[in-house]
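Under our numbering, the sequence shown is numbered contiguously, ending at residue 596. Note that beta-carbon positions come from the ideal geometry of N, C-alpha and C, so glycine has one too.
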Amino acid sequence: MDTKRVFTIGEKIKSTLEKEGLYQQIEYPEPSPDDGNISYGLSYPIKAFEKFLGYYDSAEKIAFNPSISFNTDFSFCLSACKYTKTAKTDSVVLDGVTNDSYTLKATSALQSFKKKFKIEGSFQFYLKRYRKYTEAKGMSESSAVASAASRSLINNLFNEKKPVMDHLTSRFARLVSGSGTRASIEGLSIWLSYPGLDSDQSFAVKIRDNPKEIYYGIFPKRNSIKTDQAHNNVKNSIFYDTWIYDKMDAVKNATENNFNTSFLIERGQKDSLNLHSVLISSGMFAQTGESIELLRKIMKFQSDSEGIYFNADTGPSIMISSLDRNLILECKSYVNENFLEGGMKYDDHVKKMNDFKKESEAYFNSISRE
Numbered sequence: 227m228d229t230k231r232v233f234t235i236g237e238k239i240k241s242t243l244e245k246e247g248l249y250q251q252i253e254y255p256e257p258s259p260d261d262g263n264i265s266y267g268l269s270y271p272i273k274a275f276e277k278f279l280g281y282y283d284s285a286e287k288i289a290f291n292p293s294i295s296f297n298t299d300f301s302f303c304l305s306a307c308k309y310t311k312t313a314k315t316d317s318v319v320l321d322g323v324t325n326d327s328y329t330l331k332a333t334s335a336l337q338s339f340k341k342k343f344k345i346e347g348s349f350q351f352y353l354k355r356y357r358k359y360t361e362a363k364g365m366s367e368s369s370a371v372a373s374a375a376s377r378s379l380i381n382n383l384f385n386e387k388k389p390v391m392d393h394l395t396s397r398f399a400r401l402v403s404g405s406g407t408r409a410s411i412e413g414l415s416i417w418l419s420y421p422g423l424d425s426d427q428s429f430a431v432k433i434r435d436n437p438k439e440i441y442y443g444i445f446p447k448r449n450s451i452k453t454d455q456a457h458n459n460v461k462n463s464i465f466y467d468t469w470i471y472d473k474m475d476a477v478k479n480a481t482e483n484n485f486n487t488s489f490l491i492e493r494g495q496k497d498s499l500n501l502h503s504v505l506i507s508s509g510m511f512a513q514t515g516e517s518i519e520l521l522r523k524i525m526k527f528q529s530d531s532e533g534i535y536f537n538a539d540t541g542p543s544i545m546i547s548s549l550d551r552n553l554i555l556e557c558k559s560y561v562n563e564n565f566l567e568g569g570m571k572y573d574d575h576v577k578k579m580n581d582f583k584k585e586s587e588a589y590f591n592s593i594s595r596e
């Protein structure tokens, strides 16, 4: 890959964002650790119009291209974080159980975080997901988990103005999940990431509020594909470099045209098709027989109905979006499968927060007695 070419376009994108007042470099504040302090965070997951897959720098989670997304309301995640000055071991409990996968990712991220801010001691996390569905892949739950955890961590140590807190949350969520970088921003967001960008300045920024003119919904499906494996394998595709060049041009176009909503939802479909092309050519299949049949139905509906688009990530769940809600409802009826209509309120967490705080405090009390 011609990384100089990618870097040059990336710098032009950054320059445009700076001129628009959307992006400025983080000036890292000093943390104020408080032994025994418990703090909280929440996050809704994202859906990407411009996606990313494959890391230029796997350790620092630097992607080859910037990505653009908005928040969905199909689920949310709450996180509690406790700082203990004398304890040595960090821990993560997700949905009531110790999760080895998330603990491994969190431990690596926390080591980097502690080193940067010269913090000793440990952090314990208690996280819980709340879904409007039973189980599915391609719903971007991991983005909300990483974002909520990072938010609770940042809230534990800093008390800065909201933009600074958002950017710190985004920057350190990145070390757990690239998509968590964007989930940390409430609204339509762009994660600035490309080869050659300083790791400390790779984070997501808010473009504007979540686009209420977009109507959307999703057909949740299950699959066992591992996103981490996809990140590693996809770079073996013969089409990968071409895909990245196309993506850089598309992001530059979006940036220079005020992130036009119609362009974004159309781009979401095109980039979904491109993503699955590079996945298949790298030897991975994210879709199932069931989801392929679903895609056929959606594309058949599209042939008679302009203005509706599909969007799919590394899981078989497929989202549809349009500027016309009637098209969403008509497509739902035509497909006639399990469907969740999305919204733009993002307030489902309010009625859960008090109970979650009691649960998390009970958990922290239990481990302090061990």
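Secondary structure of Arg397 (DSSP, three-state): helix. Under the criterion of beta carbons closer than 8 Å, Ile272 and Arg408 qualify as touching, at roughly 5 Å. DSSP, reduced to helix, strand and coil, places Arg434 within a strand of the structure shown.
Between the stretch 289-308 and the stretch 327-342, the count of C-beta pairs closer than 8 Å stays below three; the two stretches do not touch.
Annotation: the stretch 305-384 contains the following complete segments of the alpha helix (DSSP H) (minimum length 4 residues), in chain order: 326-343, 367-383. The continuous alpha helix (DSSP H) containing Gly404 extends over residues 404-409.
A residue is called buried once 16 or more other Cβ atoms fall within 10 Å of its Cβ, and Asn537 is buried on that count. Shown here, Tyr471 sits in a helix according to DSSP, grouped into three states.
Cβ atoms of Asn385 and Leu414 stay farther apart than 8 Å, at about 27 Å. Close CB contacts of Lys314 within its chain, under the 7 Å cut and outside five residues either way in sequence, are with Ser348 (chain order).
No Cβ-Cβ contact shorter than 8 Å links Ser503 with Pro542. With 16 or more other CB atoms across the displayed protein chains lying within 10 angstroms of its CB, Gln350 is buried.
The residue from Thr229, Glu492, Arg357 with its alpha-carbon nearest to that of Phe300 is Arg357. Under the 8 Å Cβ criterion, the stretch 462-480 does not count as touching the stretch 438-450, having fewer than three qualifying pairs.
In this structure Arg493 touches Phe275 by the C-beta definition: roughly 5 Å separates them, less than 8 Å. A distance below 6 Å between beta-carbons, with the five flanking residues on each side excluded, links His393 to the following residues of its chain, in chain order: Ile252, Phe429.
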